[in-house]
Amino acid sequence: MIKAILVFNNHGKPRLIKFYQYFVEELQQQIIKETFQLVSKRDDNVCNFLEGGSLIGGSDYKLIYRHYATLYFVFCVDSSESELGILDLIQVFVETLDKCFENVCELDLIFHVDKVHYILNELVMGGMVLETNMSEILARISEQNKLEKQETGLAAARARAKPFSLLSSATGATILSEFHLKIEILLVECPFVNKSQLNLGACVYSLLSNRRITLTFKYVFYFNRSSS
Amino acid sequence: MNPTDHGFNPAFNMAVIKEVFNEALERVRTPTPMRLRDLIRQIRAARTAAEERGVINKECAYIRSTFREEDSVWRCRNIAKLLYIHMLGYPAHFGQLECLKLIASPRFTDKRIGYLGAMLLLDERQDVHLLITNCLKNDLNSSTQFVVGLALCTLGAIASPEMSRDLAGEVERLMKSPNAYVRKKAALCAYRIILKVPELMEIFLPATRSLLSEKNHGVLITGVSLITEMCENSVDTLQHFKKIVPNLVRILKNLILAGYSPEHDVSGVSDPFLQVKILRLLRILGKNDVEASEAMNDILAQVATNTETTKNVGNTILYETVLSIMDIRSESGLRVLAINILGRFLLNNDKNIRYVALNTLLKTVHVDTSAVQRHRTTILECLKDPDVSIRRRALELSFALVNANNIKAMMKELLTFLEKADPEFKEMASSRIVLAAERYSPSIKWHLDTLLSVLIAAGNYIRDDVVSNVIQLMTANPSQQSYMVGQLWSALENDNSDRQPLIQIATWCIGEFGDMLLSPDSNVQISETEVIAVYHRLLTSPQNSPITKQYCLTSLTKLSTRFQHPDTHKIQELIESFGSHVQMELQQRGVEYSQLFGKYAYLRNGLLERMPALEITKPSTNTHNGSVSQDADEEESVSPAENQSNSNALLVLLGGDTGDNDIIKPPAKAPSLDTNQDLLDLLGGLDSGMDSISEKPIDLKLNNDSSIQNNNNILSMINSTPDYLAEPLPITPQTRDTTVYDKGGLRIDFSSQKAADVPNTTSINVSAHNTTATDFTEFVFQAAVPRTFQLKLLPPSGTIITADGGTVTQILRVTTPTPAPVRMRIRKLTTSLPTVFNDNLTFCGASNFSPD
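Taken in sequence, the protein lines are chains Z and E.
Counting from 1, position 4 in the first sequence corresponds to residue 4 in full-length UniProt numbering; the numbering is continuous, with no gaps.
Counting from 1, position 846 in the second sequence corresponds to residue 846 in full-length UniProt numbering; the numbering is continuous, with no gaps.
Shown next as structure tokens:
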């Protein structure tokens, strides 16, 4: 069984930590530190297996790691896993990341830890290998991403499509009523109102007073002097 | 006022609109939380750890406050940030409940991050688990496969026994789901549940079998993992699954024979992960089972011969195959094939492969030693590998391969290794070399030479028991003494890295056999002054430990009697310089030994005679000099013949333990006069110094004024009883009478008798006489012995000793574990002795009986 999967960079900064056995947070950090110290002092031309870490599992466990450019991928496993097999598994993991992020680098892992976790969850579950077929993993991940996108869509997607059309003219009122919706304001920049915008203001106001729309502010209104 | 009623009023509308927007601005601007991306940037921009902490603390405080406000819009983002913060090692447990809220949300986005947070943040608190169980149950019944997948994945990661029990039914149902994505996750979930609650295995059994008839490799691999776990868990299940061997063989065959399939191909091998898992399961099923092994032989041979070995994956499978062949009852031909594969592995350029080869050979060496012996040279080569993991494996394997035939050749290599080895290896390697040498040594000379090489090569990393072992070996072999003492002398002379064990052994031997060193037929030609000069260097070097110096001092004292024309003056000067040493032990030694050059010079020859040959005991692995206190060490240097376990027991006794087992109260009505205090006193004075004299069968009459106060050290012994040492009393083998106490009119005599039927039991007849004119009332006699002894006090003849020659007698039976001198501490309590004795109720005396 895989006890933990740790990814950290050449300076020991963690980039991904996943424990399949419960440890309190302090101990987790200690394990990362110890593992880093053990792994980082090894040359590149020595074998990828390491024994003697004291924190997880004692003598029954091994550290199996691979070093890619700036990152160490370390799997802590017990004796029931094949050492060479785990090496292959690390390779599959990294290749999958590479396909997901297109030329994966440390920055991808930093800014998308959640995504890396999702990918890992399709590869390993509860400390056991779940799926090693890369295209299957990628397909599932993209399906789930699509599902997420669909949800954030709906209202938001439509409003985002043409927020500026609101500013265009007196037709704003009709557009607004057509949307019949939430006008969400994220940021109001320079609420400078000139003559051309009075109409808009009026229509917004009328809509407000008619209680035909509810206001939750999310989208950007640009009141711009140049917009006629 | 409704503006629509009044037509268009620009000014008015302007104001209202402004108000509306300002309000919006107010609402929106303050709570917009920082994006994850920006937080990460800020953290990365921090130059110092303190700065980073500042950024994170500020953000955490903010996240906490939003959690309080029930602001649901940004919960996702906040949890994502919190997970990042958690990864960096900052506390993030306050996000647990928010994760649960996200899980309960109907949106997939929320659930996804919520479950991720739950997997990472949840601890083993019961209440949170209770809450999440319900959410999991709902989601396991969801119609979206990914929601089910998330729930299964989370359950697999954080299942507690309670959750396992509650949700096992759902998981079992999902194992039969038509959707492969759900099925494989359910299988692994079942695996985790069985890990937590083995009793639940039953309900998964039927669904598990059908997993093997799958086409989908994900389901197959998880199914095989599940079965493996079940088989390891119970013997019954193992029997149950013996039936599936043909199925597994068929799957494996298909994998090998199937041509290229792009989905599962990993550098030219079809799904190595699944192959490895199946091979592993076959190993468990075929272990000690001839029939099952029979069914596997063919396929194992096929895998072993057909697998492409140019890539790592191929070797992975071969490695697993070899392990399986070795574990099951395979044909002998197959075993030869397996060992040959390992031999090829050993020559592989890839370090990883060499490592696993060594590892596997280590596992198989006990099964088939001769086959592994063939690769001995390669294994010894691996001792020189720069990789520490490989060296460690090779070392272990080398020790496993040592036997009487190859000991000489192997030892040469091992000693070379030991010389260059890292400190972490030295202790282990040296003690195993010593063991191997002891077991297989072809001759005593070779054995001693090897030990000397180890002493030189391993330096201070040698375990302490080696020192006493070498000394024992030296004393037991007079033929080698002359040769070895010369060797040790050269080693000592050339030693410039302060190897303590070497110095200890060398000085012991030179002290003991100094005459041989200087005899004309010795292999080194040196003068006495040279020897003394070396001792001077050793004794004054700050690098040497006090224990080593104790060895040196004793040795030097002995040398004064070994040399033909000793420069006693110089030796004496050196020893006396220790009379004011800061180290108490050394000082004591300095003072005591200098007595042997002055007032008691006539004692020196007798006292410093050569030690008798030591009995070679079986090397006990847990006897460390260091673990016994310094007293014991010191003592050993004076009289190494002393059995160490005895002194150990004494030390235990000295530890101030007031337990009742240390003292045995007589069965008579003993007046308990603040016994604890008394016991402490009673034990307090017992000093291990007594041991050093106890081996000589002398009867020691206690000196009235000194023995109560002093430490019974050697010096006092010399002071008080010189005549006994000079000419030991003749010993009556069966019965001897001793007066152990005579003071204030009370005389206590011991007469010891060895019981004929029980060899290690001594009966002591205690008789107390009253020579005063008053009666002693409530007289109680007590005795204590070290823990290793057994003491039985029979009832006394009375508690009152009448005046003018009244006598009370009592019998003591002491049983010792080995035929050893009896040591004990006695005291007597009476209420009617003169005041001085009432004050000093505790009388510390000791008596030595040697029944043999």
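Where a beta carbon is used, it is the ideal one built from N, C-alpha and C, also for glycine.
Only a predicted model underlies this, so the values are computations on that prediction, with no experimental measurement involved.
Rounded C-alpha distance that separates residue i from residue j
{"i": "Z:Tyr65", "j": "Z:Ser40", "result": "10 Å"}
{"i": "E:Leu200", "j": "E:Leu361", "result": "38 Å"}
{"i": "Z:Arg140", "j": "Z:Val7", "result": "23 Å"}
{"i": "E:Arg499", "j": "E:Asp567", "result": "27 Å"}
{"i": "E:Ser688", "j": "E:Cys231", "result": "For E:Ser688, the predicted structure reports a pLDDT of 40, less than 50, and the residue's modelled location is therefore unreliable. The matter cannot be settled from this model."}
{"i": "E:Ala46", "j": "Z:Ile17", "result": "22 Å"}
{"i": "E:Lys445", "j": "E:Ser490", "result": "17 Å"}
{"i": "E:Thr450", "j": "E:Ser431", "result": "12 Å"}
{"i": "E:Thr378", "j": "E:Asn352", "result": "16 Å"}
{"i": "E:Cys99", "j": "E:His129", "result": "12 Å"}
{"i": "E:Val454", "j": "Z:His67", "result": "38 Å"}
{"i": "Z:Leu130", "j": "E:Arg463", "result": "48 Å"}
{"i": "Z:Val124", "j": "Z:Val92", "result": "11 Å"}
{"i": "Z:Lys3", "j": "E:Ser497", "result": "44 Å"}
{"i": "E:Thr369", "j": "E:Gln239", "result": "31 Å"}
{"i": "E:Leu334", "j": "E:Asp271", "result": "24 Å"}
{"i": "E:Gly156", "j": "E:Leu195", "result": "10 Å"}
{"i": "E:Val434", "j": "Z:Tyr72", "result": "40 Å"}
{"i": "E:Leu395", "j": "Z:Gly85", "result": "25 Å"}
Where the alpha helix (DSSP H) containing residue i begins and where it ends
{"i": "Z:Tyr68", "result": "Z:Tyr68 -> not in any alpha helix (DSSP H); beta strand (DSSP E) instead, spanning 61-68."}
{"i": "E:Phe417", "result": "407-420"}
{"i": "E:Ser142", "result": "Per DSSP, E:Ser142 belongs to no alpha helix (DSSP H) and is neither H nor E."}
{"i": "E:Gly169", "result": "161-175"}
{"i": "E:Gly579", "result": "Per DSSP, E:Gly579 belongs to no alpha helix (DSSP H) and is neither H nor E."}
{"i": "E:Thr369", "result": "369-373"}
{"i": "E:Phe781", "result": "E:Phe781 -> not in any alpha helix (DSSP H); beta strand (DSSP E) instead, spanning 780-784."}
{"i": "E:Thr321", "result": "312-327"}
{"i": "Z:Gln28", "result": "25-40"}
{"i": "E:Leu812", "result": "E:Leu812 -> not in any alpha helix (DSSP H); beta strand (DSSP E) instead, spanning 806-815."}
Beta-carbon contacts of residue i that lie in its chain and below 6 Å, excluding the five residues immediately before and after
{"i": "E:Gln504", "result": "Val467, Thr548, Tyr551"}
{"i": "E:Ile748", "result": "Val740, Tyr741, Ala768"}
{"i": "residue 869 of chain E", "result": "The requested residue 869 of chain E does not occur in the structure, where chain E is confined to residues 1 to 852."}
{"i": "Z:Phe179", "result": "Reliability of the predicted coordinates at Z:Phe179 is poor, the pLDDT of 43 falling under 50, and the value obtained from them is presented with this limitation in mind. Answer for Z:Phe179: no residue qualifies."}
{"i": "E:Gly805", "result": "none"}
{"i": "E:Lys81", "result": "Leu36, Leu39"}
{"i": "E:Asp139", "result": "Val147, Ala151"}
{"i": "E:Leu131", "result": "Leu100"}
Start and end residues, beta strand (DSSP E) containing residue i
{"i": "Z:Ile5", "result": "2-9"}
{"i": "E:Leu793", "result": "790-793"}
{"i": "Z:Asp78", "result": "71-78"}
{"i": "Z:Leu16", "result": "14-19"}
{"i": "E:His769", "result": "761-770"}
Integer Cβ distance of residue i from residue j, believed to fall under 8 Å
{"i": "E:Leu448", "j": "E:Met484", "result": "5 Å"}
{"i": "E:Leu136", "j": "E:Thr154", "result": "7 Å"}
{"i": "Z:Arg15", "j": "Z:Glu122", "result": "Not quite, the Cβ-Cβ distance comes to about 18 Å (not below 8 Å), so this is no contact."}
Own chain residues within Cβ distance below 7 Å of residue i, not counting five before or after
{"i": "E:Gly314", "result": "Val269, Thr307, Glu308"}
{"i": "E:Ile227", "result": "Thr208, Phe241, Leu281"}
{"i": "E:Arg64", "result": "Phe94"}
Proximal residues to residue i (C-beta, below 8 Å), its chain only, five neighbours per side dropped
{"i": "E:Ile510", "result": "Val485, Leu488, Trp489, Leu492, Leu517, Val531, Ser555, Leu559"}
{"i": "E:Ile526", "result": "Trp489, Leu517, Leu518"}
The ligand COA heavy atom lying under 6 Å from the CB of residue i
{"i": "E:Asn496", "result": "This structure does not include the ligand COA; it has no bound ligands of any sort."}
Contact residues within the stretch 85-111 of chain E, judged by C-beta distance below 9 Å to chain Z:
For the stretch 85-111 of chain E, which is checked against every Cβ of chain Z, the residues closer than 9 Å are His86, Met87, Leu88, Gly89, Tyr90, Pro91, Ala92, His93, Arg107, Phe108, Thr109, Asp110.
- Item | Against chain Z: residues of the stretch 128-160 of chain E by CB proximity under 7 Å | The stretch 128-160 of chain E vs chain Z, Cβ under 7 Å: Phe146, Cys153, Gly156, Ala157.
Inset, instruction - Determine which residues of the stretch 301-316 of chain E have a Cβ less than 8 Å from any Cβ of chain Z, and write them out in chain order. - result: Closer than 8 Å at the C-beta level to chain Z, one finds these residues of the stretch 301-316 of chain E: Asn312, Val313, Asn315, Thr316.
| request: Anything in the stretch 552-571 of chain E with a Cβ closer than 9 Å to a Cβ of chain Z? List those residues in chain order, please. | output: Listed by position, the residues of the stretch 552-571 of chain E near chain Z (Cβ gap below 9 Å) amount to none.
Inset, instruction - Report the residues of the stretch 213-241 of chain E with a CB closer than 7 Å to any CB of chain Z, ordered along the chain. - result: Residues His217, Gly218, Ile221, Thr222, Ser225.
Query raised in the report: Looking at chain Z, which residues of the stretch 334-366 of chain E have a Cβ within less than 9 Å of any of its Cβ atoms?
Result: Result list: Asp350, Lys351, Asn352, Ile353, Arg354, Tyr355, Val356, Asn359.
task = Taking a Cβ distance cut-off of 8 Å, strictly less, list which residues of the stretch 365-388 of chain E are near chain Z, in chain order.
result = Cβ contacts with chain Z come from Pro386, Asp387, Val388.
Just by C-beta distance, which residues in the stretch 481-493 of chain E are closer than 8 Å to chain Z? When CB distances to chain Z are screened at a threshold of 8 Å, not a single residue of the stretch 481-493 of chain E falls below it.
- [ ] Scan the stretch 169-182 of chain E for residues whose Cβ lies nearer than 8 Å to a Cβ of chain Z and list them as they occur along the chain.
- [x] For the stretch 169-182 of chain E, the set of residues with a beta-carbon nearer than 8 Å to any beta-carbon of chain Z comprises Tyr181, in chain order.
message: So if I threshold CB-CB distances at 8 Å, which residues from the stretch 95-121 of chain Z count as touching chain E?
response: Hits within the stretch, in order: Ile110, Phe111, Val113, Asp114, His117, Tyr118, Asn121.
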